[in-house]
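When we follow the numbering used here, the leftmost residue of the sequence shown carries the number 10, and every step to the right adds one.
Working notes for the structure below.
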Amino acid sequence: MGRILAVSRSEFQSVPLSGPQSSPGSPWLVPVSPRTPPEMFSFGCGTLTLSLTLALFALVCCPGSGEKAFKVYVRPKQLTVKPKGSLEVNCSTTCTQPEIGGLETPLNKTVLAEQTQWKHYLISDISQDTAFHCHFTCSGEQASASFNVSVYQPPTQVILTLQPTWVAVGKSFTIECRVPAVEPLDSLTLFLFRGNETLHSQTFGKGAPAMQEATATFNSTAHREDRHRNFSCLAVLDLLSRGGDTFHKHSEPQMLKIYEPAPDSQTVIIIAVVSVLLALFVTSVLFCFIFSQHWRQRRTGTYRVRAAWRRLPQAFWAPQA
């Protein structure tokens with residue numbers, strides 16, 4: 010047999026082969042394997058296998074070396090609770106073997122259950138908004154997660170007042186809505202309605218930690234149709250952004266007593282006085298006219314009687330023809 014020593018066309022060689030088809034002076038082109046010593050190939054494969062084995066051994070036997078970028082979780086992240094209430098909080102981590110971990114809070118806490126990678130707490134007597142911190146330490150590195158607890162008081166009473174309750178058409182009146190003892194104020198919205206029509210809506214800024222009374226007012230003008238409409242107030246406390254619910258509370262409906270405007274009292278007085286004076290004037294004129302006529306009649310009548318009396322002697326003593 011001949012030797013195989015080439016892998017490319019440039020390395021093809023004329024190799025004499027023995028066989029029935031071979032003839033002197035007619036060499037065959039035969040490809041050969043690369044010039045790589047078998048010992049070198051075996052050494053490369055062994056080195057790669059050894060490296061993979063050592064890396065896998067490091068991951069299995071030394072977990073802390075691959076957990077420097079671990080995470081800490083808290084559930085739920087945003088919480089709401091009523092004053093003096095309590096809630097349950099779970100702190101967990103992706104570190105498989107944390108050195109230390111827990112929940113930082115100035116309030117009373119109780120561990121309900123725990124495992125290597127998580128702890129479950131009960132926090133009680135929460136009276137104001139508070140920030141909490143879950144933390145774990147893994148391979149000398151510390152990570153934490155923070156969350157806020159919001160204290161809320163839903164609206165339990167909505168009071169609507171109309172001032173005045175009796176109002177003339179075209180006159181103004183005031184609608185006032187009050188919601189006592191509600192928090193947080195920055196999550197509260199008050200809506201004032203006339204029938205199904207929204208007259209006014211009001212939101213509030215951040216208030217004091219203690220519960221406060223929220224008030225919304227609106228000035229309107231009375232119409233004839235208002236006597237058949239109900240006025241009401243709706244209070245909405247939206248805690249969805251804080252991880253809570255939405256609370257609604259309506260007021261009792263109120264109705265206005267509408268009446269047509271009467272003439273002004275001063276105008277009425279002036280008209281009455283003018284009427285009386287006019288009546289007195291007319292009466293006095295008539296009385297003067299009647300009195301003058303009567304006096305003239307009496308005077309005229311008395312004068313004729315005296316004239317006739319004076320002429321009577323002259324007629325009596327006059328010579329008769």
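Heads up, the beta-carbon is just placed ideally off N, CA and C, and yes, glycines get one too.
All values derive from a computational prediction rather than experimental measurement.
Ala223, buried or exposed, once every other Cβ within 10 Å from all chains shown has been counted against 16: buried
Which of the three DSSP states is assigned to Ala281 in this structure? Note: Ala281 maps to helix in three-state DSSP.
Spatial neighbours of Ser159 within its chain, please: C-beta separation below 6 Å, excluding the five flanking residues on both sides. Thr89, Asp138, Arg251
Terminal residues of the beta strand (DSSP E) in which Ala140 lies: 139-147
Chain-order list of residues whose beta-carbon lies under 6 Å from that of Val245 (same chain, five-residue window excluded): Correct list, in chain order: Thr198, His257.
Does the stretch 119-133 touch the stretch 98-109, meaning 3 or more C-beta pairs lie closer than 8 Å? yes
Look up Phe202 in the DSSP assignment and say whether it is helix, strand or coil. It is a strand residue.
Inside the stretch 201-261 only - beta strand (DSSP E) runs reaching at least 3 residues: 206-212, 221-230, 240-247, 255-259
For Thr170, I'd like the list of residues in its chain whose CB is within less than 6 Å of its CB, leaving aside the five on either flank, ordered along the chain. Glu185
Residues bridged to Thr102 (per DSSP): Val81
Distance between Ile280 and Val294 (C-alpha atoms, nearest Å): Rounded to the nearest angstrom, the two C-alpha atoms are 21 Å apart.
Pull up the CB-CB distance for Ala231 and Phe182, whole angstroms please, since I reckon it's below 8 Å. 6 Å
Can you tell me whether Phe141 is buried or exposed? The criterion is at least 16 other CB atoms within 10 Å of its CB, across all chains shown. buried
Taking Cβ positions, are Lys80 and Ala152 nearer each other than 8 Å? yes
Ser229 versus Glu206, Val167, Phe213, residue with shortest Cα-Cα distance: Glu206
Exposure label - Asp134; buried when at least 16 CB within 10 Å: exposed
Bridge-paired residues (DSSP) for Val191: In DSSP, Val191 forms a bridge with Gln221.
DSSP beta-bridge partners of Ile168: Arg187
For Val178 and Leu265, which I take to be in contact (beta-carbon distance under 8 Å), what is that distance rounded to the nearest angstrom? Rounded, the Cβ-Cβ distance is 10 Å, inconsistent with contact.
DSSP state of Leu116 mapped onto helix, strand, coil: coil
Could you check whether Gly214 and Leu194 sit closer than 8 Å to each other, using their CB atoms as the reference points? Taking 8 Å as the Cβ cut-off, Leu194 and Gly214 qualify as a contacting pair.
Among Glu234, Leu249, Phe298, Arg203, the one whose alpha carbon lies nearest that of Ser260: Arg203
Just how far apart, CA to CA, sit Gln275 and Ile267? 22 Å
Determine, using beta carbons only, whether Asp254 and Ser196 come nearer to each other than 8 Å. no
Tell me which residue opens and which closes the beta strand (DSSP E) that Glu150 is part of. 150-160
What do you get for Ala225, buried or exposed, if any count of 16 or more other CB atoms within 10 angstroms of its CB means buried? buried
Using the beta-carbon count (16 or more within 10 Å), is Val336 buried or exposed? Because the chain here runs from 10 to 330, residue 336 falls outside it and cannot be looked at.
Kindly indicate which three-state DSSP category Leu287 falls into: helix, strand or coil? In the three-state reduction of the DSSP assignment, Leu287 falls in the helix class, which pools H, G and I.
Who are the Cβ neighbours of Tyr130 in its own chain at under 8 Å, not counting the five residues just before and after it? Glu97, Val98, Asn99, Cys100, Leu112, Lys118, Thr119, Val120, Leu121
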